[in-house]
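Note sheet for the following structure.
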Amino acid sequence: MPNYLEIAVAAPIATTLSYLLPQELEHESGTLVGRRALVPLGKRRITGYILAENLPQETLQKEGEKSFVIKKISSLLDDAPLFHPEMAPFFRWIASYYLYPLGLVIKAALPGGLTVKSGRQLEMIAEKDDLLAALKESEREKLEKWLAELLEKGKLSPAKTAALLQKNTAARQINRLQQAGLVACRQIMQKDTVGSRKERCFYMDSALVEFFRNDKEGGLLPLSASADELRPQIKLLKEKLEAERGIALGLAEVRTLATLASIIFSASSDIGEHPDIPAKELFQNYSGARKIVEGLVEQGLLRQYEKRIFRNPFGGLLFDGSKRFQRPTQLSAQQENALAAITPAVYAEKYQAFLLYGITGAGKTEVYLRAAEETLAQGRDVIVLVPEIALATQFEGQFVARFGDKVVLQHSGLGPAEKYDQYTLALSGDARVVIGARSAVFAPLKNPGLIIVDEEHDSSYKQDDSFRYNGRDLAVVRASLQNAVVLLGSATPAITSFAHAQSGKFTLLEMDQRIGDAILPKITLIDSGKEQRMLHGSLISEILLEKMQANFTAGYQTILLLNRRGFSNALLCVQCGTPVPCPHCSVSLTLHKHNRSLICHYCGFQQGIQTVCGQCKSEKLVPAGYGTERVEEEVAALLPDAVVRRIDSDIAGDRRRFHSLLGNMHERKIDILIGTQMIAKGHHFPFVTLVGVLWADGGMSMPDYKAAEKSFQLITQVTGRAGRGNLAGEVVIQTLRPEHYAIQYAQKHQYREFFTHEIELRKTPVFPPFIRLVLLRLQGKVESRVRDGGSTLANFCREWQHTNTIRMEILGPAPSPIDKVKDNFRYQILIKCAGVSPLHTLCQELLRKDREILPSGVTLSVDIDPENMM
Ligand code: ADP
Ligand code: ZN
Ligand code: ZN
């Protein structure tokens, strides 16, 4: 029986294609679904993903007339599947919902670099002697270098293999050995050797630990002492140890054990079950131990093992023993209630969606952890999505502390090799919990029983270019396809999510009390328009300044937040008021003082600050507006004794500097930290007792129906940064619109009231959750063509709507709010419709015909459920 395959190729093709498995590959063992194949497409050969095999004849793709023949695949690129067959329906769903080519969906779901980094490796599959026997006398004598290496190592690197296969004689020789079944060319994934995930650790058995613990006089070595100074103490220890154990020991061996004990006891009085010490640390304290450890291991005095390590952003261990993150013995009543609803759902193994609305500090993380425990106990896997923050935080640390080696992390701070490692661990089932940003929704876990989305309202769940999916929404979809529970958590649920909770689509769980005695911070509103200091150009009001001073004097830390989105610190012409624009985008350039340049935040264009006004040629240009750099300057002048530091995306690009700044913040070496909203997320600084939002209006004037929602969320989120330890926190919000409802409700911690107000406003003009949105984006280098393309497209939509008598609102075409980026002019059309299916039908039609309808050089992209209207 010929085996026909359904393959999604990694190219912009809407449908899957049928191919035939050639006879020589029929013996391939194992399932083919989930493997990649190299397939002919037109004149090219490209990567395809196998989605189904043994297709019945009648379902095969037919193209044109009878003469159409189904082509054979050229080769299989993997020995084993890269995804489980369970993923196929999920991928299909995504492709049809987001109108994005299936092959490209799968490509995006797999770890990057896979396609380019695969290679063929020559391997010895027979015994060495058999291989030698198969070689002619002459060949054996002048054994070629590659053969020698193959015999010695059993394999050749893909680079060497590729080079050899280029050479005729070698290729012929290899071919002969291959025929004889002595060597094989195997497709493998090549990995970079970035960092290692494991670390050698030592631990002593507990009797030995007890021995050192009880030996009051001699048990602890002063670690910094010299060998001579230590000798008497070691001799003494040696006698006692030998007596106790009945064995003979060398001085160096005793010193090794004693050093290990000293490190253990100096680290903490509370040592867990496994007081294990990294080899590195032991050798640092006593380099002589290197030669000794093997013997000690042999004698059974020491045990060693490879421990998986997770480095935290601060360079230290994210997880050391179970010391830092204890499992609470007692849950709060609200945690109990939430779990009483979630646990049975997990055990039912049926789809159910929960919205966990819990204020900051209510203890949502512990609810996630317990629900995950139950799921693992059920034998099912767990996926946890967190907002994109570029590094591992304490949140992830808690999962690692609880589930150890079962956890893998996926965040953008990992290199490609590490990402690949994490992926294979999850694929093989060695890891059972995957934590990561939006793309972790594609985690290759076989059987997820629980998918958690923390901070479900966060806009970073939506990918904002080419494949515009929403990770939060896909979490719900995947859960429903795999009969899993999905748990969305937030202190400020998205309006749409809360509406789903009200309509019953999601089950609402509420936690409105902070753990323990902690109370929500007090929020003070400052009317920036009435503040004397601010009217005179300062960024910091009198009241905020006083509080900062008092907080600094008391020895606590302050965070100042400046959400710069949509507003930049531009260079403005004094004569005519024009800001210096980016020559490639329709935004003004941002002044960066530290490197004396003007930078475009959209395309990265950079120029010196010596320039003239493009409008009136005046040379008088002055900095205008706010920017974190300017805040830093002002604060440093106002509080000269305080240590003031700044974190924003300029700095976050330099990971090491970023990490060290966060580390210093944790160690309280920084008094005042200034940053954009990236410091408002995820971090937990127990000594931050004051948070100032310098300009709360930034997001509110955006042409975005979610502007108020985002402002409310931002304020609530930063509020959560204050007073997270045992200390009470305080928040100061500076705004030009203190009366605005989003700010008013945020000040009073009134989410429900905000929701009620906001949902009313979404009825006219109508916006989600009452309708569905699609944004059609057009771009091209020639403005008139893009504009014409917009009109043509809008007309097409209107006609289509008319012919099909569908109620739709078609807005536009209009230039996008940022109407030029990287020399591309941008127009957009917004379509509203009560249901998503007519929108899909229309967009499919558009994508089929766009080449015909649109002027050349104009491209269309379709954004389903758009988040970013810019
Ligand atoms: P949220 O995510 O809801 O803002 P967290 O999960 O960070 O809140 O919890 C707030 C604090 O309360 C954390 O320091 C956490 O360790 C602590 N905590 C959570 N649950 C408990 C509990 N049952 N007993 C004691 N402390 C708890
Ligand atoms: Zn001017
Ligand atoms: Zn630009």
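If you read the sequence shown in this note's numbering, its first letter stands for residue 146, the second for the next number, and so on.
All C-beta atoms, glycine included, are put in the ideal place defined by N, C-alpha and C.
To the nearest angstrom, report how far apart residue 875 and residue 377 are at their CA atoms.
The sequence position of residue 875 within the sequence shown is 730, counting from 1. The sequence position of residue 377 within the sequence shown is 232, counting from 1. The straight-line gap from Cα to Cα measures roughly 57 Å.
Just checking my contact of residue 859 with residue 822 at CB under 8 Å: how many whole Å lie between their CB atoms?
The sequence position of residue 859 within the sequence shown is 714, counting from 1. The sequence position of residue 822 within the sequence shown is 677, counting from 1. The pair is a contact, with the Cβ atoms about 6 Å apart (cut-off 8 Å).
Runs of 4 residues minimum, wholly inside the stretch 814-892: which ones carry the alpha helix (DSSP H) assignment?
Within the stretch 814-892, the complete alpha helix (DSSP H) runs of at least 4 residues are 852-864 and 886-892.
Looking only at C-alpha atoms, which of 188, 180 and 199 sits nearest to residue 163?
Position 18 of the sequence shown, counted from the first residue, corresponds to residue 163. Answer by Cα proximity: 199.
Once you ignore the five residues that flank residue 963 on each side, which residues in its own chain have a CB closer than 8 Å to its CB?
In the sequence shown, the residue the question calls residue 963 occupies position 818. Correct list, in chain order: 730, 731, 732, 747, 971 and 1015.
Compute the distance between the beta-carbons of residue 833 and residue 698, then report whether it is under 8 Å.
In the sequence shown, the residue the question calls residue 833 occupies position 688. In the sequence shown, the residue the question calls residue 698 occupies position 553. Cβ atoms of residue 833 and residue 698: not closer than 8 Å.
Residue 149: buried (16+ other C-beta within 10 angstroms of its C-beta) or exposed?
Looking up residue 149 in the sequence shown gives position 4. Looking at its Cβ environment, which holds 16 or more other Cβ atoms inside 10 Å, residue 149 is buried.
How many angstroms separate the CA atom of residue 147 from the CA atom of residue 187?
Position 2 of the sequence shown, counted from the first residue, corresponds to residue 147. Position 42 of the sequence shown, counted from the first residue, corresponds to residue 187. The straight-line gap from Cα to Cα measures roughly 22 Å.
Give the straight-line distance between the Cα atoms of residue 626 and residue 484, rounded to the nearest whole angstrom.
Here the question's residue 626 lines up with position 481 in the sequence shown. Here the question's residue 484 lines up with position 339 in the sequence shown. The straight-line gap from Cα to Cα measures roughly 23 Å.
Tell me the start and end of each unbroken alpha helix (DSSP H) in the stretch 885-970 that is at least 4 residues and wholly inside, in chain order.
With a minimum length of 4 residues, the continuous alpha helix (DSSP H) runs that stay inside the stretch 885-970 are 886-892, 896-906 and 928-948.
If you follow the beta strand (DSSP E) that residue 625 is part of, which residue opens it and which one closes it?
Taking the sequence shown and counting its residues from 1, one reaches residue 625 at position 480. Per DSSP, residue 625 is not a residue of any beta strand (DSSP E); the alpha helix (DSSP H) it occupies stretches across 616-626.
With a threshold of 7 Å on Cβ separation, who are the neighbours of residue 132 within its own chain once the five nearest residues in sequence on each side are excluded?
Look at the range of the chain in this structure, 146 to 1015, and you will see that residue 132 is not part of it.
Please name the residue, chosen from 988, 969, 516 and 920, that lies closest to residue 946 on a Cα-to-Cα basis.
For the purposes of this step, residue 946 is taken as residue 801 along the sequence shown, with counting starting at 1. When C-alpha distances from residue 946 are compared across 988, 969, 516 and 920, the shortest belongs to 988.
My output table needs one value for residue 542: the three-state DSSP class, helix, strand or coil.
Mapped onto the sequence shown, residue 542 falls at position 397. Three-state DSSP puts residue 542 in a helix.
Under the DSSP definition of a beta bridge, which residues are partnered with residue 554?
Here the question's residue 554 lines up with position 409 in the sequence shown. 580, per the DSSP bridge assignment.
Straight-line CA distance for residue 692 to residue 575?
The count along the sequence shown starts at 1 and reaches residue 692 at position 547. The count along the sequence shown starts at 1 and reaches residue 575 at position 430. Answer to the nearest angstrom: the Cα atoms are 51 Å apart.
In terms of alpha-carbon separation, which member of 727, 750 and 760 lies closest to residue 721?
For this step, residue 721 is matched to residue 576 along the sequence shown. Residue 760 is the option with its Cα nearest to residue 721.
Hey, which residues come within less than 6 Å of ligand 3, measuring from Cβ to any heavy atom, in chain order?
727, 729, 730, 745, 747, 748 and 750
With DSSP as the reference, please indicate the residues paired to residue 303 in a beta bridge.
For the purposes of this step, residue 303 is taken as the residue at position 158 of the sequence shown. Paired residues: none, contrary to the question.
Apart from the five residues just before and just after residue 416, which ones in its own chain have a Cβ nearer than 7 Å to its Cβ?
The residue you call residue 416 lines up with position 271 of the sequence shown. Reliability fails at residue 416, whose pLDDT of 45 lies under 50, so the model's placement of it is uncertain and the value that follows must be treated cautiously. Cβ neighbours of residue 416 beyond the five flanking positions: 409.
How many angstroms separate the CA atom of residue 598 from the CA atom of residue 548?
Counted from its first residue, the sequence shown places residue 598 at position 453. Counted from its first residue, the sequence shown places residue 548 at position 403. The straight-line gap from Cα to Cα measures roughly 18 Å.
Taking contact to mean 3 or more Cβ pairs, one atom from each stretch, closer than 8 Å, check whether the stretch 905-924 and the stretch 975-987 are in contact.
yes
Measuring straight from C-alpha to C-alpha, what distance separates residue 247 and residue 192?
What you label residue 247 is simply residue 102 of the sequence shown in a count that begins at 1. What you label residue 192 is simply residue 47 of the sequence shown in a count that begins at 1. Spanning the two alpha carbons is a distance of roughly 13 Å.
Mark residue 325 as exposed unless 16 or more other C-beta atoms lie within 10 angstroms of its C-beta, in which case mark it buried.
Here residue 325 refers to the residue found at position 180 of the sequence shown. Label assigned to residue 325: exposed.
Take every Cβ of the stretch 526-535, pair it with every Cβ of the stretch 575-592, and state whether three or more of those distances are shorter than 8 Å.
Counting Cβ pairs under 8 Å, three or more are found: they touch.
Less than 8 Å separating the beta-carbons of residue 923 and residue 981?
Looking up residue 923 in the sequence shown gives position 778. Looking up residue 981 in the sequence shown gives position 836. Remark: C-beta atoms of residue 923 and residue 981 do not approach each other more closely than 8 Å.
Pop quiz: residue 819 and residue 788 are said to be a contact at Cβ under 8 Å. What is the actual Cβ separation, rounded to whole angstroms?
Numbered from 1 along the sequence shown, position 674 holds the residue referred to as residue 819. Numbered from 1 along the sequence shown, position 643 holds the residue referred to as residue 788. About 12 Å; that fails the 8 Å criterion.
From the DSSP output, in three-state form, read off residue 1014 for me.
If you number the sequence shown from 1, residue 1014 lands on position 869. In this structure, residue 1014 counts as coil in the three-state DSSP scheme.
Is residue 424 helix, strand or coil when you go by DSSP?
For this step, residue 424 is matched to residue 279 along the sequence shown. Three-state result, residue 424: helix.
Here's the rule: buried if 16 or more other CB atoms are within 10 angstroms of the residue's CB, otherwise exposed. What is residue 680?
Your numbering for residue 680 matches position 535 in the sequence shown. Result: exposed.
So does residue 477 have its beta carbon nearer than 7 Å to some heavy atom of ligand 1?
Here residue 477 refers to the residue found at position 332 of the sequence shown. Inclusion of residue 477 in the 7 Å shell around ligand 1 follows from its C-beta lying nearer than that to a non-hydrogen atom of the ligand.
Between the alpha carbons of residue 215 and residue 239, how many angstroms are there, rounded?
On the sequence shown, position 70 is the one that residue 215 refers to. On the sequence shown, position 94 is the one that residue 239 refers to. Those two C-alpha atoms are separated by around 27 Å.
Residue 998 and residue 956 - do their beta-carbons sit closer together than 8 Å?
Taking the first residue of the sequence shown as position 1, residue 956 is located at position 811. Taking the first residue of the sequence shown as position 1, residue 998 is located at position 853. Contact flag unset, no.
Would you mind working out which of 613, 349, 774 and 400 sits nearest residue 442, comparing C-alpha positions?
Looking up residue 442 in the sequence shown gives position 297. Residue 442 has its Cα closest to that of 349, out of 613, 349, 774 and 400.
Run the CB neighbour count on residue 256, radius 10 Å, all protein chains shown included, and call it buried at 16 or more, exposed below.
Walking along the sequence shown from the start, residue 256 turns up at place 111. Buried, by the Cβ-count rule.
Starting from the C-beta of residue 1012, find all residues in its chain whose C-beta is less than 7 Å away, skip the five residues before and the five after it, and write them out in chain order.
Along the sequence shown, one-based indexing puts residue 1012 at 867. Hits under 7 Å: 604 and 607.
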